[in-house]
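Novice:
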Amino acid sequence: MKRNTVRYCLAAVLLLVCTFSHAIPAKPQPPRLVNDLAGLFTLPQTQRLEHVLTAFDDSTSNQITVVTTNDLEGYTPAEYGTRIGLDWGVGSAEFNNGVVVVVKPKTRDSNGQVNISVGYGLEGAIPDAYAKRIIDNEMIPRFAEGDYFGGVAAGCTVLMQLASGEISEPRGDDDLSIGGIFTIAIFLFIFAVILLSAIFGRRHGGGNSGSTGGGPDLMDTIIIGSLLGSHGRSSGWGGSGGGFSGGFGGFGGGSFGGGGASGSW
Numbered sequence: 001m002k003r004n005t006v007r008y009c010l011a012a013v014l015l016l017v018c019t020f021s022h023a024i025p026a027k028p029q030p031p032r033l034v035n036d037l038a039g040l041f042t043l044p045q046t047q048r049l050e051h052v053l054t055a056f057d058d059s060t061s062n063q064i065t066v067v068t069t070n071d072l073e074g075y076t077p078a079e080y081g082t083r084i085g086l087d088w089g090v091g092s093a094e095f096n097n098g099v100v101v102v103v104k105p106k107t108r109d110s111n112g113q114v115n116i117s118v119g120y121g122l123e124g125a126i127p128d129a130y131a132k133r134i135i136d137n138e139m140i141p142r143f144a145e146g147d148y149f150g151g152v153a154a155g156c157t158v159l160m161q162l163a164s165g166e167i168s169e170p171r172g173d174d175d176l177s178i179g180g181i182f183t184i185a186i187f188l189f190i191f192a193v194i195l196l197s198a199i200f201g202r203r204h205g206g207g208n209s210g211s212t213g214g215g216p217d218l219m220d221t222i223i224i225g226s227l228l229g230s231h232g233r234s235s236g237w238g239g240s241g242g243g244f245s246g247g248f249g250g251f252g253g254g255s256f257g258g259g260g261a262s263g264s265w
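Taking the UniProt record's numbering as reference, the numbering of the sequence shown is continuous, increasing by one, and the terminal residue is 265.
1. Looking only at C-alpha atoms, which of Arg-108, Thr-107 and Ala-129 sits nearest to Ile-116?
2. Can you look up Thr-69 in the DSSP assignment and give me helix, strand or coil?
3. Once you ignore the five residues that flank Gln-113 on each side, which residues in its own chain have a CB closer than 6 Å to its CB?
4. Hey, Phe-256 and Thr-42 are a contact pair by Cβ (cut 8 Å); roughly how many whole angstroms apart?
5. Can you give the Cα-Cα distance for Ile-24 and Glu-73, rounded to whole angstroms?
6. Where DSSP assigns a beta bridge to Phe-256, which residues make up the other side?
7. Using the rule of at least 16 other Cβ atoms within 10 Å of the residue's Cβ for burial, across every protein chain shown, is Ile-126 buried or exposed?
8. Please work out which residues of its chain come closer than 8 Å, Cβ to Cβ, to Pro-31, disregarding the five sequence neighbours upstream and downstream, and give them in chain order.
9. Taking the straight line between their C-alpha atoms, what separation do you get for Ile-134 and Ile-140?
10. Can you check which of these residues, Glu-94, Lys-27, Tyr-148 and Thr-65, is closest to Leu-159 by C-alpha distance?
11. Within its chain, find whatever has a CB closer than 6 Å to the CB of Pro-28; leave out the 5 residues flanking it on each side and keep chain order.
12. Given this structure, state the Cα-to-Cα distance separating Gln-161 from Val-100, to the nearest angstrom.
13. Given residue 274, which residues of its chain have a CB within under 7 Å of its CB, disregarding the five upstream and five downstream residues?
14. For my contact list, Val-90 and Gln-47 are in at a C-beta cut-off of 8 Å; report their separation, rounded to the angstrom.
15. Out of Lys-132, Ala-163 and Asp-71, point me to the one whose CA is closest to Ser-59's CA.
16. Let's see if you can read the secondary structure: which residues bound the beta strand (DSSP E) around Gly-98?
17. Hey, would you say Gly-165 sits closer than 8 Å to Glu-138, going by beta carbons?
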């Protein structure tokens, strides 16, 4: 009898230990999309990130939540991100359009780890290969330099563009290769020739161009300025953080099935 009692007590203790060693953070109250449990961001950075992600949720209903942690509690990064998504219900129950970004910083004793978990409804827009590309090309290079906010902001920018259909795929590893630069240079050269031909054609064609020669007219300036400006695409992270602009309304019960990718450095 005593032996059985001891066994039951040991089993209860082991169950308790396992439960606490695999604890996932509780859903934040009040609800928020940025949960910097590891303290990687400054307050203005946290506010800025929350503001942008909340605005994205308001305009598209897609929810991207960021969780930083010093301990994955025995889970792999993918398991941790999926559990967050399921336990918190990231995304809507109707569309399952949530994304969870998990970051564990690098320490002297352990590698840094990052995961992007994608809800069922966004797996078509953000397949595993794209999530991996975002991690490898946008996030880890910045994390390796200690710029955690920059890495998360860059990753979230591409995730938002993919989820909203603004772009069809993230940039690849070879986008800045010699071949890629050469192709872009040829395209820009051809475009410049066409543009200059049109401008000088108006100059010497008489008619109603309204130009008197000697430099571009107002319309030319607007066109060229617009073309040059398009290369400096804004990601929405500039300026001061400000407030939370209305605040996040809460998670909607979205579901996850293991889509996404992980990486380490």
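Cβ atoms here follow ideal geometry from the backbone N, Cα and C, with glycine treated the same way.
Specialist: The answer reads as follows:
1. Ala-129
2. Reduced to three states, the DSSP call for Thr-69 is coil.
3. Pro-77, Lys-104 and Ser-264
4. Their Cβ separation, rounded to whole angstroms, is 30 Å, which puts Phe-256 and Thr-42 out of contact at 8 Å.
5. 8 Å
6. Gly-119
7. Buried is the call here.
8. Excluding residues within five positions, the ones whose Cβ falls inside 8 Å are Phe-248, Gly-249, Gly-250 and Phe-251.
9. 9 Å
10. Closest option to Leu-159, judged by alpha-carbon separation, among Glu-94, Lys-27, Tyr-148 and Thr-65: Thr-65.
11. Asn-35
12. Note on geometry: alpha-carbon atoms of Gln-161 and Val-100 lie some 15 Å from one another.
13. Residue 274 cannot be examined here, being either before or after the span of the chain that is shown, 1 to 265.
14. So it is not a contact: roughly 20 Å between Cβ atoms.
15. Ala-163
16. 98-104
17. no
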